[in-house]
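S.K.: Going letter by letter, the sequence shown gives residues 0 to 80 in numbering that gives the first Met the number 0.
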Amino acid sequence: MTRKIHVKPRAGLSVPDPAVRGGTSAQAMIPPAGKLVADSTYWRRRVRHGDVTISEASTAPSAPSPSTKKSAGTAKKDGDA
0 MTRKIHVKPR AGLSVPDPAV RGGTSAQAMI PPAGKLVADS TYWRRRVRHG
50 DVTISEASTA PSAPSPSTKK SAGTAKKDGD A
């Protein structure tokens, strides 16, 4: 699975997303709020050139909350006391 990063264009720049084909030119640009994209040499170059920044908060996978985890082995079977 490809690692994803959240990129945000520098203020005042329109940065194209090479993964978007067709559509309008506005759809092919990274929105000002940023976008989750595949980590690639293209995006690393854009970062080095100062065209975009990486938002580290959006790149970390979120951990499941304790309420959504299932506890294994806690269900009682018929006949258990």
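Ideal Cβ placement from N, Cα and C applies to all residues, glycine included.
What residue range is occupied by the uninterrupted alpha helix (DSSP H) comprising THR40?
M.R.: Position 41 of the sequence shown holds residue 40. Element bounds for THR40: 40–48.
S.K.: Let me know the secondary structure DSSP gives PRO15 once reduced to three states.
M.R.: Numbered from its first residue, the sequence shown carries residue 15 at position 16. In this structure, PRO15 counts as strand in the three-state DSSP scheme.
S.K.: Identify every residue that forms a DSSP beta bridge with THR52.
M.R.: As a first step, residue 52 must be located in the sequence shown, where it is residue number 53. Its beta-bridge partners are LYS7.
S.K.: Check whether the Cβ atoms of THR52 and LYS3 sit closer than 7 angstroms, and answer yes or no.
M.R.: In the sequence shown, residue 52 corresponds to position 53, counting from 1. In the sequence shown, residue 3 corresponds to position 4, counting from 1. Contact flag unset, no.
S.K.: THR40 to GLY22, Cα distance in whole Å?
M.R.: On the sequence shown, residue 40 is found 41 positions in, with the first residue counted as 1. On the sequence shown, residue 22 is found 23 positions in, with the first residue counted as 1. Distance between the alpha carbons of THR40 and GLY22 is about 24 angstroms.
S.K.: Distance check for MET0 and ALA32, CA to CA, integer angstroms please.
M.R.: As a first step, residue 32 is located in the sequence shown; it is residue number 33 there, counting from the start. As a first step, residue 0 is located in the sequence shown; it is residue number 1 there, counting from the start. Going by the C-alpha atoms only, they are around 25 angstroms apart.
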